[in-house]
Structures are given as C-alpha cells and as structure tokens.
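Per my numbering: the sequence shown ends with 1480, consecutive numbering throughout.
Written below as structure tokens is the structure these notes are about.
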Amino acid sequence: MATPLKQLLSDLIVANHIIYSKGVVDAFGHISVRHPHDPDTFIMSANMAPALVSSEADFIHYRVSDGSPVQETSSKHFIERFIHSEIFKRYSEVNCVVHSHAEEVLPYAITDVKLRPVFHMTGFLGRETPIYDIEATYQTGELHDLLVKDIRHGATLASCFSTRHSTSGSATPLPNHNVVLMRRHGFTVLGRNIKEAVFRAVFTLKNAKIQTTSHMLQLAAHPNNASLQEAVNGLSVQQITDSSATTQGVYDRPWDLWVVETRAQGLFKNKMLR
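Listed below in structure tokens is the structure:
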C-alpha cells in the first residue's frame, strides 16, 4: 500500500496531466503541494512541461520559508516557485497551488471587465476576483518581465488572496479569496488539497469561457443599447455562498472522470503506478 507521501506524489503526477489536458496549462504553468508530513516543505516538479511529469524523480522539495531546495540538485528550478512558497507561508491550511496562463482567463487580467461567478459550479470565485499588478511593486533596476521571481513579489501576490493586503501579516489558516488574477500574466488558484485546487483551476477557465460567450451574445442581441450589452447576470451573494458550499462535496466525481480521461491520452505516464 502506498504511503501518504507516495500517494500524494502519484496524485500530483496525475494532476499535472489533468491540468494540461483541460487547457489550464501548456508548456508553461505549474502545480505544487505541501508535504504531508512537513508543513514547512512543499513539492513541485523541476522546470518542465506539466504533461511530461512522470515519476518521483521529477519532483523537487522546497522550503516554504524561502523557496530554496531542501537538497541540492542539478535539476532546473521554476523561477516562479515563490508564488507557491509565499502562499503556503501565509495560509497554513492551503495545501495546493496552481499557476496558469490560460488564454480564456487572460482577457479578464487585461481589460477592465471583472471576472465573476456566472454559473452554479463557480461560487468559489466569490463576490470579486482580485487582480495582482506586479508593475506597481517594481523597484529601480528590476526587469519588468511580470514574473514572480523572489520572496518580495511572492508575498505581495499572496497578500492579494486576503482582504488584508499587508505583506507582513501573520499566517492565517485560509484566505478570503481562492483565485487571484495576475495583470497581463495569468492567474493563481489555491485549495486545501489537490482535488480542490484542480477543480477550481479547471472551473475558473470554464467560467471565463461562459462569461465571455455571454458578453458576446448580449452584445449581438443588443448592438444599439450599451446598458443591456453589459447586463450579464452572475450569481447573487446567496447563490455564491450556497453553491460554493455544495461543490465542496463533489470533487471526487470530476477527479475520477479526469483521471480516466487523462490515462487514455498518449502523453500520460505515471511510473509510480507500477
């Protein structure tokens, strides 16, 4: 029988393939988990495309404190691992983080149209989806490449998940927001476990698709009425609260389907299942 760590790593391999197959990531993007026995350590793959992750050897263990590797390795690291380390540092009950550049979501990180929950599976988006803009935090001499490459920028991003935007605040169990958009970059989503984070990542993308289509349909139906063009009805506050609570009990159903779908694809390989 697999140990909790072995099972977690096997699930992490599968999760990498699921988020690829669902369009959350392509060659870029990443997912991490907190170590099940050491909350001060997190695990993510070496710098590689998610769909190519296939074995325990592909993973690197990092310190939550500073994003440094627990053991020296010749493998190349993700430069944006500080997205993950700082979220794990700030929120003690967050155990999985996904970072994505999904094209369906990016317009909401570029325009002034707000991403909001528009159907019953996405109450987890809450009443608003914060936007992190790294441009406002650059210091003299830094490259303006939009990448979260150090603790300072990672801490600022992590603070956006909370209604208290202090980067020096003490750790709290869970944040107020589950998804944060990153201006001209992508989005980051978190969860208490792999299944929850993957569910939220996939359905954030679905919500963006549906919301965009709804805006386009509204525009086509009312080309001469600007007020009606913008009238896309999202979830009410009550619907957000109740649907979010309901979906927390259904993560196994989509996960089980996605596992079967992913295993049937040519790129899938999980050497830990042997």
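Don't be surprised by glycine CBs; every beta carbon is placed ideally from N, CA and C.
Buried or exposed (CB count within 10 angstroms, at least 16 for buried), residue i
i, result
"M1207", "Since pLDDT at M1207 reaches only 47, below the 50 mark, its modelled position is unreliable, and the value read off the structure follows with that caveat. So M1207 counts as exposed."
"G1429", "The amino acid at residue 1429 is misidentified as Gly; the sequence shows Pro. Burial call: exposed."
"K1282", "exposed"
"H1243", "exposed"
"G1455", "exposed"
Rounded straight-line distance, which links the Cα of residue j to that of residue i
i, j, result
"S1306", "V1385", "11 Å"
"R1322", "S1280", "42 Å"
"K1228", "V1408", "7 Å"
"E1467", "S1433", "42 Å"
"A1437", "D1339", "27 Å"
"V1149", "G1332", "This structure does not reach residue 1149, given that the chain is present from 1207 up to 1480, and the question cannot be answered."
"H1383", "F1474", "32 Å"
"V1276", "S1420", "47 Å"
"L1411", "V1311", "6 Å"
"L1423", "T1452", "29 Å"
"V1395", "R1406", "7 Å"
Where residue i sits in the DSSP three-state scheme
i, result
"T1418", "helix"
"M1207", "Unreliable positioning characterises M1207 in this predicted model, as indicated by a pLDDT of 47, which lies under 50. A coordinate reading is not provided."
"Y1226", "helix"
"L1349", "coil"
"L1441", "coil"
"L1463", "helix"
"A1221", "helix"
"N1413", "helix"
"Q1213", "helix"
"A1426", "helix"
"N1475", "Inspection of the sequence shows that residue 1475 is occupied by Lys rather than by Asn. In the structure shown, K1475 sits in coil (DSSP, three-state: anything other than H, G, I, E or B)."
"A1451", "helix"
Beta carbon proximity, residue i to chain C, threshold 8 Å
i, result
"V1304", "Structure shown: chain C not included; a single protein chain is present."
Mind listing, in chain order, the continuous alpha helix (DSSP H) runs of no fewer than 4 residues lying wholly within the segment 1231-1319? 1287-1296
Using 8 Å as the Cβ pair cut-off and three pairs as the minimum, do the segment 1254-1264 and the segment 1334-1352 touch? no
Ordered list of beta strand (DSSP E) runs contained in the segment 1322-1410, each at least 3 residues: 1385-1388 and 1392-1397
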